[in-house]
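Novice: Pasting in a structure now, in structure tokens, and then I'll have a few things to ask.
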Amino acid sequence: GNSVTQMEGPVTLSEEAFLTINCTYTATGYPSLFWYVQYPGEGLQLLLKATKADDKGSNKGFEATYRKETTSFHLEKGSVQVSDSAVYFCALSDRRGNKLVFGAGTILRVKS
Amino acid sequence: DGGITQSPKYLFRKEGQNVTLSCEQNLNHDAMYWYRQDPGQGLRLIYYSQIVNDFQKGDIAEGYSVSREKKESFPLTVTSAQKNPTAFYLCASSIRDTNYEQYFGPGTRLTVT
Numbered sequence: 313g314n315s316v317t318q319m320e321g322p323v324t325l326s327e328e329a330f331l332t333i334n335c336t337y338t339a340t341g342y343p344s345l346f347w348y349v350q351y352p353g354e355g356l357q358l359l360l361k362a363t364k365a366d367d368k369g370s371n372k373g374f375e376a377t378y379r380k381e382t383t384s385f386h387l388e389k390g391s392v393q394v395s396d397s398a399v400y401f402c403a404l405s406d407r408r409g410n411k412l413v414f415g416a417g418t419i420l421r422v423k424s
Numbered sequence: 040d041g042g043i044t045q046s047p048k049y050l051f052r053k054e055g056q057n058v059t060l061s062c063e064q065n066l067n068h069d070a071m072y073w074y075r076q077d078p079g080q081g082l083r084l085i086y087y088s089q090i091v092n093d094f095q096k097g098d099i100a101e102g103y104s105v106s107r108e109k110k111e112s113f114p115l116t117v118t119s120a121q122k123n124p125t126a127f128y129l130c131a132s133s134i135r136d137t138n139y140e141q142y143f144g145p146g147t148r149l150t151v152t
């Protein structure tokens with residue numbers, strides 16, 4: 313079945329450091345890919361998405377490129393801020409199941 | 040403003056009692072979902088509904104029940120049969136297109152003692 317694997321956290325960085333959170337997937341067909349962010353005590357917010365191979369999703373300085381050849385959708389940001397501290401979830405669309413499949417989430421902690 | 044509301048934010052119940060969590064959306068979305076999140080863990084799908092008066096079990100439906108009588112509303116009942124009901128519950132909705140991009144509510148934290 314479809315699945316998403318994310319790097320385990322927590323990831324701890326200093327302010328202004330470069331961020332990469334790895335995400336790889338297994339899927340039949342051509343899913344859409346998403347990154348969601350969850351701040352403490354809140355629901356999930358869509359951060360960015362890509363709907364086909366080689367698409368780059370971007371928002372708030374975060375970027376991720378849909379790489380079909382490596383089945384990956386790694387999240388990157390050039391300079392993180394303390395306010396980026398949150399849990400990040402990678403997800404793919406399961407068209408046959410009419411739902412999203414989520415990774416386990418990666419905790420990001422940014423120190424000032 | 041369009042969005043998803045979940046109420047209440049915090050809910051406390053005694054063991055053995057059923058409890059119903061509210062989820063309402065005014066986004067005109069056809070599909071709605073319920074997830075459970077435990078501390079330090081990802082999301083697990085409980086139930087989902089693609090259309091009014093129809094719903095499907097997710098990965099962990101045992102001990103839960105839902106109804107979808109109106110497009111805007113998808114309440115979740117946590118029954119006394121749920122062995123470990125204390126968790127953070129998230130409701131989401133989406134358009135029924137090919138992407139299934141979901142919009143989430145703020146969540147309800149249920150504590151059962």
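Chains L and V supply the protein sequences, listed in that same order. Numbering-wise (our numbering), the first sequence opens with residue 313 and increments by one. Numbering-wise (our numbering), the second sequence opens with residue 40 and increments by one. Virtual Cβ for every residue (Gly too), placed ideally from N, Cα, C.
#1: Given residue 393 of chain L, which residues of its chain have a CB within under 7 Å of its CB, disregarding the five upstream and five downstream residues?
#2: What runs of the beta strand (DSSP E), each 3 residues or longer, lie entirely inside the stretch 364-409 of chain L?
#3: If you compare alpha carbons, which of V:135, V:147, V:77, V:132 is closest to residue 116 of chain V?
#4: Which term fits residue 338 of chain L, buried or exposed, when burial requires 16 or more other beta carbons within 10 angstroms of its beta carbon?
#5: Helix, strand or coil for residue 80 of chain V? Go by DSSP, reduced to three states.
#6: Alpha carbon to alpha carbon, how far is residue 367 of chain L from residue 342 of chain L? Give it in angstroms, no decimals.
#7: Taking only beta-carbon atoms, is residue 128 of chain V less than 8 Å away from chain L?
#8: Do residue 114 of chain V and residue 61 of chain V have their C-beta atoms closer together than 8 Å?
#9: Mind listing, in chain order, the continuous beta strand (DSSP E) runs of no fewer than 3 residues lying wholly within the stretch 114-145 of chain V?
#10: Name the chain L residues that come within less than 7 Å of residue 94 of chain V, Cβ to Cβ?
#11: The beta strand (DSSP E) with residue 93 of chain V in it runs from where to where?
#12: Quick check: the Cα distance between residue 380 of chain L and residue 365 of chain L, rounded to an integer number of angstroms?
#13: Taking residue 395 of chain L as the reference, which of L:369, L:424, L:358, L:416 has the closest Cα?
#14: Along chain L, which residues have their Cβ under 8 Å away from the Cβ of residue 80 of chain V?
#15: Which value, in whole angstroms, describes the spacing of the CA atoms of residue 376 of chain L and residue 362 of chain L?
#16: Could you check if residue 333 of chain L is buried or exposed, using at least 16 other CB atoms within 10 Å of its CB as the buried criterion?
#17: Kindly indicate if chain L contains any beta-carbon less than 8 Å away from that of residue 70 of chain V.
#18: How far does the beta strand (DSSP E) with residue 49 of chain V in it reach, from first residue to last?
#19: Who are the neighbours of residue 355 of chain L on chain V, taking C-beta pairs under 7 Å?
#20: Please report whether the beta-carbon of residue 140 of chain V lies at a distance below 8 Å from any beta-carbon of chain L.
#21: To which residues does DSSP link residue 107 of chain V through a beta bridge?
Specialist: Judging by the given coordinates:
#1: For the purposes of this step, residue 393 of chain L is identified with residue 81 of the first sequence, where counting begins at 1. Only 327, 422 meet the Cβ criterion.
#2: 368-371, 374-377, 387-389, 398-406
#3: Here residue 116 of chain V refers to the residue found at position 77 of the second sequence. Minimum Cα distance to residue 116 of chain V is reached at V:147.
#4: Residue mapping note: residue 338 of chain L aligns to position 26 of the first sequence, counting from 1. Answer is exposed; the Cβ neighbour count stays below 16.
#5: Taking the second sequence and counting its residues from 1, the one referred to as residue 80 of chain V is at position 41. Note: residue 80 of chain V maps to coil in three-state DSSP.
#6: Counted from its first residue, the first sequence places residue 342 of chain L at position 30. Counted from its first residue, the first sequence places residue 367 of chain L at position 55. Computed Cα separation, rounded: 12 Å.
#7: Mapped onto the second sequence, residue 128 of chain V falls at position 89. Taking Cβ atoms only, chain L never reaches closer than 8 Å to residue 128 of chain V, which makes this a no.
#8: Position 75 of the second sequence, counting from 1, holds the residue named residue 114 of chain V. Position 22 of the second sequence, counting from 1, holds the residue named residue 61 of chain V. Yes, the Cβ-Cβ distance between residue 114 of chain V and residue 61 of chain V is below 8 Å.
#9: 115-117, 126-133, 141-143
#10: By one-based count along the second sequence, residue 94 of chain V stands at place 55. Those do not exist, as residue 94 of chain V stays about 12 Å from chain L at its closest Cβ, beyond 7 Å.
#11: By one-based count along the second sequence, residue 93 of chain V stands at place 54. Taken as a continuous stretch (DSSP letters only), the beta strand (DSSP E) holding residue 93 of chain V covers 93-96.
#12: For the purposes of this step, residue 380 of chain L is identified with residue 68 of the first sequence, where counting begins at 1. For the purposes of this step, residue 365 of chain L is identified with residue 53 of the first sequence, where counting begins at 1. When rounded, the distance between both Cα atoms is 6 Å.
#13: On the first sequence, residue 395 of chain L is found 83 positions in, with the first residue counted as 1. Out of L:369, L:424, L:358, L:416, L:424 has the C-alpha closest to the C-alpha of residue 395 of chain L.
#14: Numbered from its first residue, the second sequence carries residue 80 of chain V at position 41. Those within 8 Å of residue 80 of chain V in chain L are 416, 417.
#15: Here residue 376 of chain L corresponds to residue number 64 of the first sequence, with the count starting at 1. Here residue 362 of chain L corresponds to residue number 50 of the first sequence, with the count starting at 1. If you take the alpha carbons of residue 376 of chain L and residue 362 of chain L, they lie about 8 Å apart.
#16: Within the first sequence, residue 333 of chain L is the residue found at index 21, counting from 1. Buried.
#17: Position 31 of the second sequence, counted from the first residue, corresponds to residue 70 of chain V. Yes, contact with chain L.
#18: Here residue 49 of chain V refers to the residue found at position 10 of the second sequence. That run of the beta strand (DSSP E) goes 49-52.
#19: What you label residue 355 of chain L is simply residue 43 of the first sequence in a count that begins at 1. 129, 143, 144, 145, 146, listed in chain order.
#20: Counted from its first residue, the second sequence places residue 140 of chain V at position 101. For residue 140 of chain V, the answer is yes, since a Cβ of chain L falls inside 8 Å of its Cβ.
#21: As a working mapping, residue 107 of chain V is identified with position 68 in the second sequence. Answer is none; residue 107 of chain V lacks a bridge partner.
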